[in-house]
Each structure stands twice: as structure tokens, then as C-alpha cells.
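A.B. asks: Questions regarding the structure given below will be posed in turn.
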Amino acid sequence: MSRLDVGDTAPDFSLPTADGEKATLADLRAGATNGVIVYFYPKASTPGCTTEACDFRDALASLQGAGYAVVGVSADPVADLQAFAAEQRLTFPLASDLDHSVAEAYGTWGPVTFGDRTFDSVHRSTFVVAPDGTLASVAYDVAAQGHVRALREELGVA
Numbered sequence: 001m002s003r004l005d006v007g008d009t010a011p012d013f014s015l016p017t018a019d020g021e022k023a024t025l026a027d028l029r030a031g032a033t034n035g036v037i038v039y040f041y042p043k044a045s046t047p048g049c050t051t052e053a054c055d056f057r058d059a060l061a062s063l064q065g066a067g068y069a070v071v072g073v074s075a076d077p078v079a080d081l082q083a084f085a086a087e088q089r090l091t092f093p094l095a096s097d098l099d100h101s102v103a104e105a106y107g108t109w110g111p112v113t114f115g116d117r118t119f120d121s122v123h124r125s126t127f128v129v130a131p132d133g134t135l136a137s138v139a140y141d142v143a144a145q146g147h148v149r150a151l152r153e154e155l156g157v158a
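Residue numbers for the sequence shown follow full-length UniProt numbering, so the first one is 1 and each next one is one higher.
Here is the structure:
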């Protein structure tokens, strides 16, 4: 799993979303003055992913007010993302990376050990893409709890 660093060019993407649209990094960048927060999560509707998504939901107004767009990316099918968004009242795009090609490009796809099983999955990770398309922040293998608060502090978003 090849990982990205601050200053690298963010891999572009175009993915279907829970709301039936497409999320592209180019469009998200065009609509955000300070950048795009792209966060990868392992599985919709699981406890950790729900905690993280709800933290982003609850911080969305302040993040958008500070000029950031948010998109969540997982390898879940669109139907699962639709249910997750509806259940948790998520108002930012959730994108389906079913073939995990975008996760691979960002270095977030690889072996995960859960209990006594090891399998390939998304590693919970967050990237901030600057307006020029480079990575302003890179955080791999973050904790679900408290991650959004730490990101807001890093970005200076109250």
C-alpha cells in the first residue's frame, strides 16, 4: 500500500453518490474556497463509521462556513450509502468506491486485521485537498472518535 504525503497531488476521482449524483474532486474543489476534506471509512452503518459520519454531520456547518467541502468515501454499494445517509441524516456526499480504485490511489486500501481475521479493506483515513489540488493534510489510520474535533483544531475551524 503506497501512501501519499503532504504536498502530493491529490488523485482525482468521479464516483457515484448516495443521492444519485456523481462526486468529483474537481467539482468539490470548485465549490470550496479553502479545500476539500476527503475521508475514507471502512463500512457504512457500523459503530465507528457512524460515529465519524455523525461527527462530520454535526461539524458540517462550521466546516462549510470556513470554506471546506466534505465527502465520505467507502467501498459500499450505493444502496447501502443511501440507507446510511437516510438513517443518520447525513447531508454531505457519500461516494461509492465499489472497486476500491480510489482508495488504492490514496493508499487507504490494504490488509486489516479484525479479531482473528485478516482481509483487505479501507483504512480509516482523512485528507485535506488544498484549492490547488495538492494535499494540505494527510492522516492515515485515524480513530473514529475525536478525529473530526482534532481535524477542526488543525484547520482552525471553531
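Heads up, the beta-carbon is just placed ideally off N, CA and C, and yes, glycines get one too.
1. For Ser2, which of helix, strand or coil comes out of DSSP?
2. Cβ of Phe84 within 9 Å of Cβ of Leu98?
3. What residues in its chain sit with their C-beta under 7 Å from that of Gln145, if we drop five residues either side in the sequence?
4. For Val142, which residues from the same chain have a beta carbon less than 7 Å from its beta carbon, with the 5 sequence-adjacent residues on both sides left out?
5. I'd like to confirm the pairing. Which residues does DSSP put opposite Ser62 in its beta bridges?
6. Can you grab the Cα-Cα spacing for the pair Gly65 / Arg57, in whole Å?
7. Just to check my reading of the structure: Val6 and Val138 have Cβ atoms closer than 8 Å, yes? What is that Cβ distance to the nearest angstrom?
8. Do Thr17 and Ala26 have their beta-carbon atoms positioned less than 9 Å apart in this structure?
9. Tell me Tyr39's beta-bridge partners as DSSP assigns them.
10. If we ignore side chains and look at the alpha-carbon of each, how far apart do Pro47 and His147 end up?
11. Alpha helix (DSSP H) containing Leu81: first to last residue?
12. Do Val102 and Leu28 have their beta-carbon atoms positioned less than 9 Å apart in this structure?
13. Tell me the DSSP secondary structure of Ala139 in three-state form.
14. Using only the alpha-carbon positions, how far apart do Asp76 and Tyr41 sit?
15. Under 9 Å between C-beta atoms, does Thr33 make it to chain C?
C.D. replies: Judging by the given coordinates:
1. coil
2. no
3. Thr51
4. Arg124, Ser125 and Thr126
5. In the DSSP output, where bridge partners are listed per residue, Ser62 has none listed.
6. 13 Å
7. 6 Å
8. no
9. Gly72 and Thr126
10. 14 Å
11. Val78 to Gln88
12. no
13. strand
14. 10 Å
15. This model lacks chain C altogether; it includes just one protein chain.
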